[in-house]
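If you use full-length UniProt numbering, the sequence shown closes out at 388, no skipped numbers anywhere.
Backbone N, C-alpha and C define an ideal beta-carbon position, used for all residues, glycine too.
Written below as C-alpha cells is the structure these notes are about.
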Amino acid sequence: MVNFNSDLVVSSETPYFATNYILASTVQVHASNLLQLPSGDLLCAWFGGSQEGLSDICIHFSRLGKGEHKWAVPQKISDDHDRSEQNPVLFLNPVTKTLWVLYTAQPAGNQDKAVVRYRVSQDEGQTWSPAQNLFNDKGLFIRQPITVLKDGTWVLPAWYCRTPPGYRWIGNDDISIVKYTRDAGKTWHEKEVPNSTGSVHMNIKVLKDGNYIAFFRSRWADNVHTSSSTNGLDWSEPTPTSLPNPNSGICFDILSDGRLVIVYNDSNFQDGLAKREGLYDDITPADDTRANQPSLSKKREAIWGVPRKTLTVGVSSDRGETWKTKVLQEGDGFCMTNNSRSRENRELSYPSIWIDGETEYGEVVNVAFTFWRQRIKFVKFGAGWLDS
Numbered sequence: 001m002v003n004f005n006s007d008l009v010v011s012s013e014t015p016y017f018a019t020n021y022i023l024a025s026t027v028q029v030h031a032s033n034l035l036q037l038p039s040g041d042l043l044c045a046w047f048g049g050s051q052e053g054l055s056d057i058c059i060h061f062s063r064l065g066k067g068e069h070k071w072a073v074p075q076k077i078s079d080d081h082d083r084s085e086q087n088p089v090l091f092l093n094p095v096t097k098t099l100w101v102l103y104t105a106q107p108a109g110n111q112d113k114a115v116v117r118y119r120v121s122q123d124e125g126q127t128w129s130p131a132q133n134l135f136n137d138k139g140l141f142i143r144q145p146i147t148v149l150k151d152g153t154w155v156l157p158a159w160y161c162r163t164p165p166g167y168r169w170i171g172n173d174d175i176s177i178v179k180y181t182r183d184a185g186k187t188w189h190e191k192e193v194p195n196s197t198g199s200v201h202m203n204i205k206v207l208k209d210g211n212y213i214a215f216f217r218s219r220w221a222d223n224v225h226t227s228s229s230t231n232g233l234d235w236s237e238p239t240p241t242s243l244p245n246p247n248s249g250i251c252f253d254i255l256s257d258g259r260l261v262i263v264y265n266d267s268n269f270q271d272g273l274a275k276r277e278g279l280y281d282d283i284t285p286a287d288d289t290r291a292n293q294p295s296l297s298k299k300r301e302a303i304w305g306v307p308r309k310t311l312t313v314g315v316s317s318d319r320g321e322t323w324k325t326k327v328l329q330e331g332d333g334f335c336m337t338n339n340s341r342s343r344e345n346r347e348l349s350y351p352s353i354w355i356d357g358e359t360e361y362g363e364v365v366n367v368a369f370t371f372w373r374q375r376i377k378f379v380k381f382g383a384g385w386l387d388s
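If you want it as C-alpha cells, here you go:
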C-alpha cells in the first residue's frame, strides 16, 4: 500500500531531494503540466475523472505556493459533458501577463476527432474565461508547452491524429506540426515537421547558442527521437536517440550550464507485453474497427502496452549525443489496462519539468508525473543530485 503523502518530505538536504503527492479528487489522474509564476508559486494542471476517454474526464488545477509544503485542494477548470478533455498545457502570456490553459477535447477515444481549446485567467488561476476552440482542426492534439522564440513568436508543438475513413484512430499515422503566431494568438500558421510519422509529443527548447532542439515520443515504442532547428519553425527530420521509449510521454529542459535534462521511461518494445492492434483504453465498443486497419504510411504500426516503467532522468552535455542517467522512480510500469477503478495500472509516465534557478538550494529541477494513474507525484531535486 502506497502512502500518498501530501506533505513535502525532504529525504536529503545535500544534495536536495524532496517528494509529495498532489491531492486527487477523481478516480483517475494523468498528464500533468507544470508552470511557475513570477511570484514563485508553482502551478500544475492535469486531467482527471473515472477513465480516459469518458466524458467525465476534465481538466484539474492546483498550486504549490512559494515556500509551502502542500499543494492546494484541486479545482476543476473544464466541464464538457460530451467530450473527454485531456492533456492540459499551461502558458503565461508574455504580452498580457494572463494565464492560459490549453487542452484537447474529444468524443470518447476518438483522438482523430479532437479539437484544441483554451481558457484564460486574469487572476493567476482563481477564475477562468469560458472555453473556446483555439483551433478548429479535427484530430489536432497537444501535450507540450508553447515556446516563445527570440523574436517573440509563439510556437505550439502539436500533432495530427490521422486514420483512414471508416476506421477508428490507432496512432499509425500521426504526424507532428508546429502552430505559430506572431500576434499573441490572434492568427495562427502551421508548418509540418518533415518525415515525422510516429514522432509525437514534440518538446521544444532553445539552446545556449540560439538554435533549437526538440525531443519526441515514438509511436513505434523504440526510442526517443530528436530534431533540430535554427529558427524554431523549420525542423529537421526526427531521428532516434540512444534513449528507449515505450510509446509514452517525455519531457526535457535545459540547466543554466547548458546541460539537457530529460525524464523518460527506461523501456521499449523489447520489454514485451505490447500489442499492435487496438489500444488499451477499455472503452471501445464490440464493433471496434481499429484492429487490422490499413496504415496510410504503409510502413509501420503503432505499438501499445509496453510497460511504462523505471522513470529515469538523463543528463547530456553534448546536445543529446550521450547521456548520463539516474533512476527517479522504480516500478514495473504495467499498463495493459487503462481502468483505474480496478487499480491494476502501475504506469509511471507523462513527466513535466520546470527548472527553478532561484531557490535556497540553488538550481532546482521540479518534476511532476503520473503515478499508477492514481496520483500526480511531485519531485524536486537540486542540480547537484544529478551528479551524486
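- By the CB criterion at 8 Å, Ser11 and Phe17 fall inside the cutoff.
- In this structure Ser236 is in contact with Ser229, their Cβ atoms being roughly 7 Å apart against a cut-off of 8 Å.
- Taking 8 Å as the cut-off, the beta carbon of Trp169 is found closer than this to the beta carbon of Asp112.
- Out of Asn33, Val2, Glu13 and Ser316, the CA that lies nearest to the CA of Trp354 is found in Asn33.
- For the pair Gln144 and His201, the CB atoms are nearer than the 8 Å cut-off.
- Membership of Thr310 in any beta strand (DSSP E) is not indicated, and neither H nor E is assigned to it by DSSP.
- Apart from the 5 residues on each side of it in sequence, Asn110 sits with its Cβ closer than 7 Å to the Cβ of Arg168 and Trp169 in its chain, given in chain order.
- The residue among Asp209, Gly67 and Ser55 with its C-alpha nearest the C-alpha of Arg83 is Ser55.
- Rounded to whole angstroms, the gap between the alpha carbons of Ile213 and Leu243 is 16 Å.
- Apart from the 5 residues on each side of it in sequence, Lys66 sits with its Cβ closer than 7 Å to the Cβ of Ser39, Gly40 and Asp41 in its chain, given in chain order.
- For Thr289, DSSP records no beta bridge to any residue.
- The beta carbon of Ser6 lies closer than 8 Å to those of Asn20, Tyr21, Ile22, Leu23, Lys70 and Trp71 in the same chain, with the five residues before and after it left out.
- Every unbroken stretch of the beta strand (DSSP E) spanning 3 or more residues and falling wholly within the stretch 338-377 is given here in chain order: 348-359 and 362-371.
- The alpha-carbon of Gly139 is positioned some 11 Å away from that of Pro107.
- Here Ile77 is near Trp128, since their CB atoms are less than 8 Å apart.
- Membership of Thr104 in the beta strand (DSSP E) is indicated by the continuous run Leu99 to Gln106.
- Beta-bridge partners assigned by DSSP to Cys58: Gly48.
- Remark: C-beta atoms of Ile262 and Gly198 do not approach each other more closely than 8 Å.
- According to the DSSP assignment, Lys326 belongs to the beta strand (DSSP E) that extends over Lys324 to Gln329.
- The DSSP-derived three-state label of Lys208 is coil.
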